[in-house]
Amino acid sequence: MCTILSLRFYINTTSIVLAKGSVYILENLDGDPKWWGGRIPDTLLINETHPQKLERWKRKRLIPLLNKLLFPVCWSLFLLALGIMFTLFDHRTNFSEFIGATLLLIAPISLGLSIIHISNSHEDSKPLLVLTGMLGNTRIMWFLISTGLFFTSLVIKPTNTMFWNLMIIPNVILWLEWFVFGSFYFSSPAAIWLIKYNPKKELPMKELTEIGWEWVTDSLNPINSSIAVKKSKKSFLEISSTKHNDSYFLILSWWQKGGVRHDPFVSQKLRGLAVPSLTKRFGYEISEFNQKMLDGIELLEKFYSN
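So this is what it looks like as structure tokens:
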């Protein structure tokens, strides 16, 4: 499985260039070698679009995350295999059954914590949103079963080998669930969109809320905070603001259900590259960006600045 992920990572990184900074600069933001370490591959450029409503906005490509997942996947898979071996053979040796049980639990939890840590590689990340996504659907059930069986073993210290072998199932499923989760959300190009603006003017809260935006701040000229969001079934579009040195920026981000930002304006064939057969089997589908979600962005034009 690590070999598959390595191959998918190689394919993915041929079409994505690493970002080297985390400051907001508009000059040549689409491909300055000082930022991206070299020329942007044609495979990425020809599959990117720049919508008319964001004509004056600049795309900032975020650092790819899939390569950072490779080592935690291999390490946690090793712990999982080791835990299975100890669990199956502990009763035939002088080793304690708790060794296998502990390794089984550590394997998926270490992978899950790594996913949260990796998501923080992007500035202004939302780790709580990632955690919520990781525990969504049946994943919370497998997590509770895994931890429940482990703590039960600490209390009652069962001698039945079937009990210890039973602990393998939920931990393997949980590890697979989180492996697919990280592979799916980390394998698509990520970007945010930026524009300088004048923070002294009050933003058009009333007009934006009338066309479907949800105002999420108490101020009409907020700085360094989320401003408004527009939600869909699998994602939401967020307008936020930040200050860097003496410049103020509006930021447009497309957040996925898993708590990671994707670039909405790239071809579908560049998204969800890692183990697609497995991600589809687990019910993951690439969300499509509805261009109507950009309605209202034109209301911000009078706040733009050079």
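Numbered according to the numbering used here, the sequence shown spans residues 13 to 318. Virtual Cβ for every residue (Gly too), placed ideally from N, Cα, C. Please read all numbers here as calculations on a predicted model, not as lab measurements.
Ala-93: buried (16+ other C-beta within 10 angstroms of its C-beta) or exposed?
Translated into positions along the sequence shown, residue 93 becomes position 81. Exposed, by the Cβ-count rule.
Cutoff 7 Å; reference Met-217; Cβ partners in own chain excluding five residues on either side:
In the sequence shown, the residue the question calls residue 217 occupies position 205. Counting only Cβ-Cβ distances below 7 Å, and skipping sequence neighbours, we find Trp-227, Leu-232.
Met-146 versus Phe-193: straight-line alpha-carbon distance, rounded
Against the sequence shown, residue 146 aligns to sequence position 134. Against the sequence shown, residue 193 aligns to sequence position 181. Distance between the alpha carbons of Met-146 and Phe-193: 7 Å.
Inter-residue Cα distance where the pair is Pro-139 and Ser-247
As a working mapping, residue 139 is identified with position 127 in the sequence shown. As a working mapping, residue 247 is identified with position 235 in the sequence shown. Going by the C-alpha atoms only, they are around 16 Å apart.
Quick one: using the 10 Å Cβ neighbour count with 16 as the cut-off for buried, is Phe-90 buried or exposed?
For the purposes of this step, residue 90 is taken as the residue at position 78 of the sequence shown. By the 10 Å Cβ count, Phe-90 comes out exposed.
Is it the case that the segment 147 to 163 contacts the segment 232 to 242, given that we only count it when at least three CB pairs across the two stretches are under 8 Å?
no
Is the CB-CB distance between Leu-74 and Ile-263 below 9 Å?
Position 62 of the sequence shown, counting from 1, holds the residue named residue 74. Position 251 of the sequence shown, counting from 1, holds the residue named residue 263. Contact: no.
According to DSSP, which residues form a beta bridge with Val-278?
Numbered from its first residue, the sequence shown carries residue 278 at position 266. Glu-60, per the DSSP bridge assignment.
Minimum C-alpha distance to Lys-314 - residue among Lys-212, Asn-302, Ser-252, Val-272
Position 302 of the sequence shown, counting from 1, holds the residue named residue 314. Ranking the options by Cα distance to Lys-314, first place goes to Lys-212.
Count Cβ pairs between the segment 252 to 263 and the segment 273 to 292 that sit closer than 8 Å; are there 3 or more?
no
Can Gly-124 and Asn-183 be called in contact, C-beta distance under 9 Å?
To locate residue 124, count along the sequence shown from 1; it is residue 112. To locate residue 183, count along the sequence shown from 1; it is residue 171. No; because the gap between Cβ atoms is not below 9 Å, this pair is not in contact.
Proximity winner among Ser-289, Arg-283, Gln-303, Ser-108, relative to Asn-59 (alpha-carbon distances):
Here the question's residue 59 lines up with position 47 in the sequence shown. That would be Arg-283, whose Cα lies nearest to the Cα of Asn-59.
Under the three-state reduction of DSSP, which class applies to Met-305: helix, strand or coil?
As a first step, residue 305 is located in the sequence shown; it is residue number 293 there, counting from the start. The answer is helix: DSSP assigns Met-305 an H, G or I state.
Using three-state DSSP, classify Ala-202 as helix, strand or coil.
Here residue 202 is taken as the residue at index 190 of the sequence shown, counted from 1. DSSP places Ala-202 in coil when its eight states are reduced to three.
Give me the residue from Thr-114, Ile-185, Tyr-316 with the minimum Cα distance to Leu-206.
One-based indexing of the sequence shown puts residue 206 at position 194. Of the candidates Thr-114, Ile-185, Tyr-316, the one whose C-alpha sits nearest the C-alpha of Leu-206 is Tyr-316.
Cβ pair Phe-198, Ile-152 closer than 9 Å
Looking up residue 198 in the sequence shown gives position 186. Looking up residue 152 in the sequence shown gives position 140. Cβ distance not < 9 Å, so Phe-198 and Ile-152 don't count as in contact.
Close Cβ partners of Thr-61 (< 7 Å) along its chain, the five nearest in sequence each way excluded:
The residue you call residue 61 lines up with position 49 of the sequence shown. Closer than 7 Å at Cβ, skipping near neighbours: Phe-277.
Please report the residue range of the alpha helix (DSSP H) in which Thr-144 lies.
Within the sequence shown, residue 144 is the residue found at index 132, counting from 1. Unbroken alpha helix (DSSP H) run through Thr-144: 139 to 146.
Terminal residues of the continuous alpha helix (DSSP H) containing Glu-222?
For this step, residue 222 is matched to residue 210 along the sequence shown. Residues 217 to 222.
Which whole-angstrom value describes the C-beta separation of Ser-165 and Ala-119, a residue pair presumed to lie in contact below a C-beta threshold of 8 Å?
As a first step, residue 165 must be located in the sequence shown, where it is residue number 153. As a first step, residue 119 must be located in the sequence shown, where it is residue number 107. Actually they are not in contact, since the Cβ atoms of Ser-165 and Ala-119 sit about 16 Å apart, beyond 8 Å.
Nearest neighbour of Gln-303, chosen from Lys-292, Arg-273, Tyr-209, Lys-242 [CA to CA]
Within the sequence shown, the letter at position 291 stands for residue 303. The option with the nearest alpha carbon to Gln-303 is Lys-242.
His-256 (DSSP reduced to helix, strand or coil)
Numbered from its first residue, the sequence shown carries residue 256 at position 244. Strand, per DSSP.
What would DSSP say about Lys-242, mapped onto helix, strand or coil?
By 1-based counting over the sequence shown, the position of residue 242 is 230. Strand at Lys-242.
Using a threshold of 9 Å, state whether the C-beta atoms of Glu-189 and Phe-301 are closer than that.
As a position in the sequence shown, residue 189 is number 177, starting the count at 1. As a position in the sequence shown, residue 301 is number 289, starting the count at 1. Taking 9 Å as the Cβ cut-off, Glu-189 and Phe-301 do not qualify as a contacting pair.
Roughly how many angstroms separate the alpha carbons of Val-167 and Leu-141, rounded to a whole number?
Sequence index remark: in the sequence shown, residue 167 carries index 155 (1-based). Sequence index remark: in the sequence shown, residue 141 carries index 129 (1-based). Roughly 33 Å between the two C-alpha positions.
Tell me Lys-70's beta-bridge partners as DSSP assigns them.
For the purposes of this step, residue 70 is taken as residue 58 along the sequence shown, with counting starting at 1. DSSP lists Leu-206 as partners of Lys-70.
Where do the N-terminal and C-terminal ends of the alpha helix (DSSP H) with Leu-123 fall, by residue?
As a working mapping, residue 123 is identified with position 111 in the sequence shown. Taken as a continuous stretch (DSSP letters only), the alpha helix (DSSP H) holding Leu-123 covers 109 to 131.
Spatial neighbours of Trp-154 in its chain, beta-carbon cut-off 7 Å, leaving aside the 5 residues before and after
Here residue 154 is taken as the residue at index 142 of the sequence shown, counted from 1. Excluding sequence neighbours, Trp-154 sits near Pro-182, Ile-185, Leu-186, Glu-189.
Alpha-carbon to alpha-carbon, Phe-191 and Ile-157:
Counting from one through the sequence shown, the residue named residue 157 turns up at place 145. Counting from one through the sequence shown, the residue named residue 191 turns up at place 179. Roughly 18 Å between the two C-alpha positions.
Phe-294: first and last residue of the uninterrupted alpha helix (DSSP H) it sits in
As a first step, residue 294 is located in the sequence shown; it is residue number 282 there, counting from the start. It is not in any alpha helix (DSSP H) - Phe-294 carries neither H nor E in the DSSP assignment.
Taking 9 Å as the threshold (C-beta atoms), are Phe-98 and Leu-115 in contact?
Locating residue 115 in the sequence shown gives position 103, where the first residue counts as 1. Locating residue 98 in the sequence shown gives position 86, where the first residue counts as 1. Cβ atoms of Leu-115 and Phe-98: closer than 9 Å.
Kindly indicate which three-state DSSP category Ser-88 falls into: helix, strand or coil?
Translated into positions along the sequence shown, residue 88 becomes position 76. Residue state, collapsed to three classes: helix.
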